[in-house]
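In the UniProt record's numbering, the protein residues as written are 1 to 672.
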């Protein structure tokens, strides 16, 4: 017989062979009773199995490949709208290990085997079983260490029959989870406690020792029908809050199902700790649990497919006796997750900062969770106590213009298809509707001096103490058609002709559909007075306080917030807002998204304002005026820096900061 020719790695033959071997292995690993389902799964995924690279097929555990293939099959499907973000095996392993440590931490060596044999662990949104297998590996490891009569098959069956429970609403994911358990253990007749059900309404098991997972991230916006259906139940109505995320329900339900002393470990987005729409969730946690560990990943990206997310891992215990706990704040946005998690395990603080917090000392006067150094809490409390007012008491704070249709988007191109036959002009994606570039103004023959076409700005046009007014090259300048419900559009024939091309888009906006505005009006034009007069403006998001000032017509987009209608000298307010003390306060007591300050209406309105004596207020106003004058002349950065330092010193004194307080604030800001 001639020797068999080897399959070359990277070749199509090699990939076909690996695919066939994999499919055959799947079929052989399950009982005859389940074979039909297995073949259906393998058949549905076979094409994607063939797309795996040889390196992936050889290097990865086959169960991980099966999970990855299934997850890839959801890409671009309706499942993405269900908040499906599957968990990296390394992350699941880290969380499983940490959760088990928290649960068994004070158990003696003599009692450990009994402790782990009786443990009940639940993943309430199991997906393809990443957490289930992570806990299996951890419990199996402990069995090996503490059971002198350890037998592999016996331990596997015990763990899956008695310790591990999982549920998912997607039957395909449930079947893959069961299949992975069989392949992973090598036990084709393995029974598992994996259920297909809606965890919130259909799952009846209780008294769990650990509940861990990665619940679905689904915002209420765009998913009103889902949230309305939830609100019809007693549970949903009890915990519903406008603007909440669906995963809040998973945390609240998990607290209900955990036994006393039970550990709850989730990876979620981090916004709920300070979101106004998460008050009930924070109340639930505060009244039933204590924190054991919080890891805030800030700008480090946990999930490659989840753009714009800032994530955290938190562990809470269903126990009210208070203890101190660690808050880990990741300071890097680069690197691989395995390196970061290894550094956290090893206590290598080159990639993160650790604070020790007290569970009974983390809520502020607004009910937010504050994970901070005790000294930072002491100083920010002192700032609040020194302040007679907040910014919302002495000014009006409003968002910039929301047109509802700046430009033609892919989504609203569809709205024009029905009207295409009636249009003599072609509309393209990206065409300006309310917001126009200079070349569009020229092409359309519109007159910027017509009265309703205004120069238009965005957050990058804001600098500390000043704003840009048409300093951009002419080709980059923006304009907005400022039409509201009081505008007589027939007086502006060219503008009406332009907007008429997009009538179907404009009529589809919520306020236009309800009849609150005419079709040609900006969706939320705001009060025009605030754009024309004296104002302080701020970008919605910034790494440090960036408050600019002007007293001229300045129309800006929704990513800009306007502070106007001042009840004290605007220069004093501007100096306070741009100071290091307020940077410190906003970092710890304001709202953040990763490393960025969130400077929208509510957090701005809560900024504490101390009314200074006449002389101190006058000095700050003079310093601020000097900075505003310097900006008009441009340059002189060293002088600007010295004046800013003088403002910072004055503000520290006004708010009663000691030298030690000042040193602490400056040291913290130098690290951010």
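All C-beta atoms, glycine included, are put in the ideal place defined by N, C-alpha and C.
List the endpoints of the continuous beta strand (DSSP E) containing residue i.
{"i": "residue 268", "result": "258–269"}
{"i": "residue 354", "result": "352–358"}
Where does residue i land, buried or exposed, given buried means 16+ other C-beta within 10 angstroms?
{"i": "residue 753", "result": "The structure shown has nothing for residue 753, since the chain only spans 1 to 672."}
{"i": "residue 483", "result": "buried"}
{"i": "residue 320", "result": "exposed"}
{"i": "residue 209", "result": "buried"}
{"i": "residue 488", "result": "exposed"}
{"i": "residue 377", "result": "buried"}
{"i": "residue 272", "result": "buried"}
{"i": "residue 671", "result": "exposed"}
{"i": "residue 126", "result": "buried"}
{"i": "residue 535", "result": "buried"}
{"i": "residue 128", "result": "buried"}
{"i": "residue 179", "result": "buried"}
{"i": "residue 620", "result": "buried"}
{"i": "residue 253", "result": "buried"}
{"i": "residue 181", "result": "buried"}
{"i": "residue 152", "result": "exposed"}
Note the first and the last residue of the continuous alpha helix (DSSP H) segment covering residue i.
{"i": "residue 232", "result": "From DSSP, residue 232 is part of no alpha helix (DSSP H); its letter is neither H nor E."}
{"i": "residue 372", "result": "Taken as a continuous stretch (DSSP letters only), residue 372 belongs to no alpha helix (DSSP H), as it is neither H nor E."}
{"i": "residue 661", "result": "659–671"}
{"i": "residue 653", "result": "637–654"}
{"i": "residue 442", "result": "438–444"}
{"i": "residue 575", "result": "570–577"}
{"i": "residue 96", "result": "89–104"}
{"i": "residue 506", "result": "503–507"}
{"i": "residue 184", "result": "171–185"}
{"i": "residue 156", "result": "152–158"}
{"i": "residue 498", "result": "493–500"}
{"i": "residue 514", "result": "510–514"}
{"i": "residue 201", "result": "199–202"}
Taking DSSP as the reference, what is the three-state secondary structure of residue i?
{"i": "residue 564", "result": "strand"}
{"i": "residue 29", "result": "Bear in mind that a pLDDT of 45 at residue 29, under 50, signals an unreliable position, so the model cannot answer this."}
{"i": "residue 339", "result": "helix"}
{"i": "residue 45", "result": "Here the model assigns residue 45 a pLDDT of 45, short of 50, so the residue's position is not dependable, and the following value carries that caveat. Of the three classes helix, strand and coil, the one that applies to residue 45 here is helix, per DSSP."}
{"i": "residue 224", "result": "helix"}
{"i": "residue 704", "result": "Residue 704 is absent from the structure shown; the chain starts at 1 and stops at 672."}
{"i": "residue 273", "result": "helix"}
{"i": "residue 556", "result": "strand"}
{"i": "residue 76", "result": "Note on residue 76: pLDDT 47, under 50, position unreliable in the model; the coordinate value appears next. Coil at residue 76, not helix or strand."}
{"i": "residue 399", "result": "strand"}
{"i": "residue 539", "result": "strand"}
{"i": "residue 466", "result": "strand"}
{"i": "residue 21", "result": "With a pLDDT of 46 at residue 21, under the threshold of 50, the predicted position of this residue should be treated as unreliable, though the coordinate-derived value follows. Residue 21 falls in the helix class under three-state DSSP."}
{"i": "residue 389", "result": "strand"}
{"i": "residue 164", "result": "strand"}
{"i": "residue 311", "result": "strand"}
{"i": "residue 620", "result": "helix"}
{"i": "residue 609", "result": "strand"}
{"i": "residue 348", "result": "coil"}
{"i": "residue 378", "result": "helix"}
{"i": "residue 490", "result": "helix"}
When every heavy atom of the ligand HEM is checked, does at least one fall within less than 7 angstroms of the C-beta of residue i?
{"i": "residue 205", "result": "The ligand HEM is not part of this structure, which contains no ligands at all."}
On the DSSP bridge assignment, give the partners of residue i in chain order.
{"i": "residue 534", "result": "551"}
{"i": "residue 317", "result": "263 and 290"}
{"i": "residue 524", "result": "402"}
{"i": "residue 598", "result": "541 and 591"}
{"i": "residue 326", "result": "293 and 356"}
{"i": "residue 454", "result": "480"}
{"i": "residue 193", "result": "165"}
{"i": "residue 121", "result": "164 and 210"}
{"i": "residue 363", "result": "369"}
{"i": "residue 407", "result": "432"}
{"i": "residue 219", "result": "245"}
Looking at chain C, is there any beta carbon in it that lies within less than 8 angstroms of the beta carbon of residue i?
{"i": "residue 561", "result": "The structure shown contains no chain C; it is built from a single protein chain."}
Check: Do three or more CB pairs link the segment 282–292 to the segment 366–375 at distances below 8 angstroms?
Finding: Of all C-beta pairs linking the segment 282–292 to the segment 366–375, three or more are shorter than 8 angstroms, placing the two stretches in contact.
Next item on the list: Pair every Cβ in the segment 189–208 with every Cβ in the segment 157–173, then say whether three or more of these pairs are closer than 8 angstroms.
Entry: Verdict: yes, contact present.
Next item on the list: Say whether the segment 608–625 touches the segment 639–658, bearing in mind that this needs 3 or more beta-carbon pairs closer than 8 angstroms, one atom from each stretch.
Entry: Yes, the segment 608–625 touches the segment 639–658.
Notebook entry, point to check: Any chance the segment 572–590 sits against the segment 598–608, with 3 or more Cβ pairs inside 8 angstroms?
Noted result: yes
Checklist line | At least 3 beta-carbon pairs within less than 8 angstroms: the segment 383–400 vs the segment 544–551 | finding: no
Margin query: Assess contact between the segment 254–273 and the segment 341–357, defined as three or more Cβ pairs (one per stretch) separated by less than 8 angstroms. Is contact present?
Written below: no
Check: Between the segment 428–442 and the segment 404–415, are three or more C-beta pairs nearer than 8 angstroms?
Finding: The answer is yes - the segment 404–415 touches the segment 428–442, with three or more Cβ pairs under 8 angstroms.
Next item on the list: Flag this pair as touching only if the segment 436–444 and the segment 528–545 have three or more C-beta atom pairs under 8 angstroms; answer yes or no.
Entry: no
Note to self: Assess contact between the segment 226–240 and the segment 92–107, defined as three or more Cβ pairs (one per stretch) separated by less than 8 angstroms. Is contact present?
What the structure shows: no
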